[in-house]
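Note sheet for the following structure.
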Amino acid sequence: MAHQGIGEARRLRFRSFRTKLILLLAVTVSVPLVLACLILGLQLDRQARTLFAQGLNANLETFSLILQENQRNLYEGLTRAATDNTLQITLDLEIKAQLTKYIDTQRQVLRIAFLGVYDRDNKLVGFSGSSETSETRWRLIETGKYGNDCIVTRQVDRQFVRCGEAMYLVSVVPIIRPQESNLGDAGSRGQAGALLGYLMGGTPLADPALIASLLDKQIAHPLIWVDENLVFANVPARDLTLPEATYGQVKEFNIEDTPYLGSIRSSAVGTQRMTYGVLAPLAPLRTALFQSVVTVGGIGALLIAVTLLAGGFIANRMLRPIRQLREGAVRIGGGDLSQRISVKTGDELEALANQFNDMASKLEESYSGLEQKVKQRTAELSRSLNELRTAQDRLVQTEKLASLGQLTAGIAHEIKNPLNFVNNFSSVSVELVDELSDALRKVKLEPQPQAEITETAAMLRGNLEKIVQHGKRADSIVKNMLLHSRSGSGDHRAVDINAIVEESLNLAYHGARAEKQGFNITLEKELDPAAGQVDLFPQEITRVFLNLISNGFYAASKRKADGGGGAYEPLLRATTKNLGESVEIRIRDNGTGIPPEVKEKMFHPFFTTKPAGEGTGLGLSISHDIVVKQHAGSIEVASEPGQFTEFRIVLPRAAASLGASGGKA
0 MAHQGIGEAR RLRFRSFRTK LILLLAVTVS VPLVLACLIL GLQLDRQART
50 LFAQGLNANL ETFSLILQEN QRNLYEGLTR AATDNTLQIT LDLEIKAQLT
100 KYIDTQRQVL RIAFLGVYDR DNKLVGFSGS SETSETRWRL IETGKYGNDC
150 IVTRQVDRQF VRCGEAMYLV SVVPIIRPQE SNLGDAGSRG QAGALLGYLM
200 GGTPLADPAL IASLLDKQIA HPLIWVDENL VFANVPARDL TLPEATYGQV
250 KEFNIEDTPY LGSIRSSAVG TQRMTYGVLA PLAPLRTALF QSVVTVGGIG
300 ALLIAVTLLA GGFIANRMLR PIRQLREGAV RIGGGDLSQR ISVKTGDELE
350 ALANQFNDMA SKLEESYSGL EQKVKQRTAE LSRSLNELRT AQDRLVQTEK
400 LASLGQLTAG IAHEIKNPLN FVNNFSSVSV ELVDELSDAL RKVKLEPQPQ
450 AEITETAAML RGNLEKIVQH GKRADSIVKN MLLHSRSGSG DHRAVDINAI
500 VEESLNLAYH GARAEKQGFN ITLEKELDPA AGQVDLFPQE ITRVFLNLIS
550 NGFYAASKRK ADGGGGAYEP LLRATTKNLG ESVEIRIRDN GTGIPPEVKE
600 KMFHPFFTTK PAGEGTGLGL SISHDIVVKQ HAGSIEVASE PGQFTEFRIV
650 LPRAAASLGA SGGKA
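Numbered per numbering that gives the first Met the number 0, the sequence shown finishes at 664, counting up by one with no gaps.
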């Protein structure tokens, strides 16, 4: 019974392997098949969308031509009317009845919503309009804000103006007295070529005739925006925001849970921008694609079923020699290395059986020398461990020495600045004592006070001379400490980044004031105390800061000189911020700003916008190399022309910890 249970378990396991083999064959065939179906589906989708997009772009091109033709027809029609002698004579002689009749006729000829004649002072002389327009609504101005409330400017020959609930395309053309005219008595009213007035006409941007023309050309869903205002849409798209216009690209829109594909384009009309597009629903396209996918999926399922049947047949043929291999491997795994597997199939399975036999022979040989090899490897590991401990001890000692050198450098730096003050003020005090003694000798005092003062001054002078003497000696010691601490490290060391920024601000400010009389600028600082130490080349980073600050001074001064406004005050702001493993420095000025075309080239060598003799074009290029190449940092710039420029520098802190532990940069 036990043997029967083992045999049943084996059969179950073999059936499991058979299933796996069938699944493997099925996957081997079905995965490429599924991928092929997916690729085919994607290609069908891409081709369908491409054809769909081509149709949309063609409709958009037709829409664009119709809009351009409407604008051109309006402007050219008004231009022809403005040069008509009838209009010029009636306006010049102020024959209002004939003028009104003339513009009524012209409005009907031009097929526009309204037509108005204005004199040189922008006053309405004659008007003709449809029922939706009124002469009391429309106003013509010379300059100022236009485009809303029926206000039209005569400075722009084509413009969009909202009047009431509709958006109109409006054109304004001047009416000029002809150079040669036979106006009779009217010729005496003014010189030829003089301005008589203005002719203003307009038509709704979403004119019914325009929409009908689009529908005739199979353009079912046109869209029109003026600036950011939706003017026309025959789909429920009132809340649709103005999309970005990309020529030739088709985008997907979702309008009240209905998907559309659309193509959008924009064009400038005067100082305004008209954005227009066409939409087409996606439902028909998706229906056609779904039918294609169902067909391809059915074919794929049939092929997978055939593959499963073939896999079962192949698995049965392969299972018999595999069972023999398994039984032989179990015996070898149990320690019977003399066991050999016999499989005669003439294929890879027979080769596998031979490899099992070779493995058993090699295992027999390996066991004999295994113990000696273990001892040899143990001895090698022991030697490696001892060498590793020795190297670790040396590294710890090196780090201790490096830390001591760093501490010495920090102490020397902290002592040097107050020591300079002691030396300088001691020398000055000696001179002041001498001047005081000379002044007292000229004053008549009692002998005893005179003698006491002279003695005290002499003692004070002697003390100051000793202070100077010992101060110079201490300065010499500090210099020697610095030279010793820099041995092997160059000038790459950990410094307080806030101190570098403050020093650079002071140097740049006083240098600018000395160079240019009357220079003044407001300096603001916001230095993060947590910014702390950063390992860097101080002179090189100072050079970067001085260059950026000087450029900021130059831009602010230039904006003020160019007339930045009465309330404009030059300002430069420097900030630091701790970012954990790095530190951020920002330098911002409110100067002239940097145009986009200059911003792209500003870090190129020898590129400068300053006048000849005022700049070499190397400052920002060198600054970029110092920050990026020498310090593995980053430098970025943000600017708005006429408003501000801000440089952002990020320096890594990692080198600071290396310098503190290893003593080398």
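Using N, Cα and C, we set each Cβ at its ideal position, and we do this for glycine too. Quick caveat, the model's predicted, so the values are computed rather than measured.
Residue i versus residue j: straight-line alpha-carbon distance, rounded
{"i": "Phe-602", "j": "His-623", "result": "7 Å"}
{"i": "Phe-289", "j": "Thr-306", "result": "26 Å"}
{"i": "Val-292", "j": "Gly-143", "result": "60 Å"}
{"i": "Ala-352", "j": "Lys-374", "result": "34 Å"}
{"i": "Ser-581", "j": "Arg-542", "result": "20 Å"}
{"i": "Thr-468", "j": "Ser-426", "result": "Just to set this straight, residue 468 is Gln in the shown sequence, not Thr. For Gln-468 and Ser-426, the distance between alpha carbons rounds to 10 Å."}
{"i": "Ala-560", "j": "Phe-518", "result": "11 Å"}
{"i": "Ala-282", "j": "Asp-256", "result": "12 Å"}
{"i": "Ile-648", "j": "Arg-512", "result": "26 Å"}
{"i": "Pro-610", "j": "Ala-244", "result": "39 Å"}
{"i": "Gly-201", "j": "Arg-110", "result": "10 Å"}
{"i": "Leu-324", "j": "Arg-388", "result": "50 Å"}
{"i": "Glu-645", "j": "Leu-578", "result": "18 Å"}
{"i": "Leu-77", "j": "Gln-271", "result": "20 Å"}
{"i": "Val-26", "j": "Gly-332", "result": "32 Å"}
{"i": "Ala-456", "j": "Leu-506", "result": "38 Å"}
{"i": "Thr-672", "j": "Leu-384", "result": "Residue 672 falls outside the range modelled here, since the chain spans only 0 to 664, and no answer is possible."}
{"i": "Lys-524", "j": "Glu-502", "result": "12 Å"}
{"i": "Leu-308", "j": "Asn-315", "result": "11 Å"}
{"i": "Ile-88", "j": "Val-160", "result": "29 Å"}
{"i": "Arg-376", "j": "Ser-365", "result": "15 Å"}
{"i": "Ala-493", "j": "Arg-572", "result": "24 Å"}
{"i": "Val-636", "j": "Lys-600", "result": "12 Å"}
{"i": "Leu-665", "j": "Lys-557", "result": "Given that the chain is displayed from residue 0 to residue 664, the structure contains no residue 665 and the question cannot be resolved."}
{"i": "Asn-58", "j": "Val-597", "result": "39 Å"}
Rounded distance between the beta-carbons of residue j and residue i, thought under 8 Å
{"i": "Met-273", "j": "Val-225", "result": "6 Å"}
{"i": "Ile-593", "j": "Ser-638", "result": "4 Å"}
{"i": "Arg-154", "j": "Val-169", "result": "With the sequence shown as reference, residue 154 is identified as Gln, and Arg is not the correct amino acid for it. The pair is not a contact, with the Cβ atoms about 13 Å apart (cut-off 8 Å)."}
{"i": "Ala-743", "j": "Leu-229", "result": "Look at the range of the chain in this structure, 0 to 664, and you will see that residue 743 is not part of it."}
{"i": "Leu-195", "j": "Arg-176", "result": "6 Å"}
{"i": "Leu-570", "j": "Ala-554", "result": "Rounded, the Cβ-Cβ distance is 11 Å, inconsistent with contact."}
{"i": "Ala-279", "j": "Phe-62", "result": "About 12 Å; that fails the 8 Å criterion."}
{"i": "Val-277", "j": "Leu-55", "result": "6 Å"}
{"i": "Leu-545", "j": "Leu-522", "result": "Not really, about 14 Å apart at Cβ, beyond 8 Å."}
{"i": "Ile-102", "j": "Gly-125", "result": "5 Å"}
{"i": "Pro-320", "j": "Leu-348", "result": "5 Å"}
{"i": "Tyr-275", "j": "Leu-209", "result": "Contact flag wrong, Cβ pair sits at about 11 Å."}
{"i": "Leu-20", "j": "Met-317", "result": "7 Å"}
{"i": "Leu-260", "j": "Glu-251", "result": "6 Å"}
Boundaries (first-last residue) of the alpha helix (DSSP H) holding residue i
{"i": "Asn-497", "result": "496 to 514"}
{"i": "Asp-103", "result": "95 to 109"}
{"i": "Ser-170", "result": "Note, Ser-170: premise wrong, no alpha helix (DSSP H); beta strand (DSSP E) at 165 to 175."}
{"i": "Ile-88", "result": "84 to 91"}
Minimum C-alpha distance to residue i - residue among the options
{"i": "Leu-619", "options": "Leu-435, Pro-604, Gly-632", "result": "Pro-604"}
{"i": "Ile-584", "options": "Gly-562, Pro-528, Ile-102, Asp-437", "result": "Pro-528"}
{"i": "Arg-264", "options": "Asn-253, Thr-89, Leu-241", "result": "Leu-241"}
{"i": "Arg-322", "options": "Gln-70, Ala-457, Glu-430, Val-342", "result": "Val-342"}
{"i": "Leu-43", "options": "Gly-345, Ser-383, Lys-100, Leu-284", "result": "Leu-284"}
{"i": "Lys-576", "options": "Asn-497, Gln-516, Gln-629, Glu-568", "result": "Asn-497"}
{"i": "Ala-211", "options": "Ala-378, Gly-311, Ile-65, Gly-562", "result": "Ile-65"}
{"i": "Ile-520", "options": "Asp-495, Leu-22, Gly-590", "result": "Gly-590"}
{"i": "Gly-115", "options": "Val-172, Ala-573, Ile-414", "result": "Val-172"}
{"i": "Pro-595", "options": "Pro-640, Lys-628, Glu-568, Val-627", "result": "Pro-640"}
Extent of the continuous beta strand (DSSP E) to which residue i belongs
{"i": "Asp-118", "result": "113 to 118"}
{"i": "Ser-212", "result": "Note, Ser-212: premise wrong, no beta strand (DSSP E); alpha helix (DSSP H) at 207 to 215."}
{"i": "Ala-193", "result": "Looking at the DSSP string, Ala-193 is not in any beta strand (DSSP E), and its letter there is neither H nor E."}
{"i": "Cys-162", "result": "157 to 162"}
{"i": "Pro-280", "result": "271 to 280"}
{"i": "Lys-144", "result": "Looking at the DSSP string, Lys-144 is not in any beta strand (DSSP E), and its letter there is neither H nor E."}
{"i": "Ser-638", "result": "633 to 639"}
{"i": "Phe-518", "result": "Per DSSP, Phe-518 belongs to no beta strand (DSSP E) and is neither H nor E."}
{"i": "Leu-123", "result": "123 to 128"}
{"i": "Ile-340", "result": "Taken as a continuous stretch (DSSP letters only), Ile-340 belongs to no beta strand (DSSP E), as it is neither H nor E."}
{"i": "Ser-266", "result": "257 to 268"}
{"i": "Ile-625", "result": "Premise fails: Ile-625 is in no beta strand (DSSP E) and is neither H nor E."}
{"i": "Thr-644", "result": "643 to 651"}
Min CB distance residue i to chain B below 9 Å
{"i": "Phe-606", "result": "Among the chains in the structure shown there is no chain B, since it carries only a single protein chain."}
*asked:* In chain order, what are the residue ranges of uninterrupted beta strand (DSSP E) at least 3 long that sit wholly in the segment 535 to 618?
replied: 570 to 577, 581 to 588
*Identify every run of the beta strand (DSSP E) within the segment 217 to 251, keeping only runs that are complete inside it and at least 3 residues long; order them along the chain.*
220 to 225, 228 to 232
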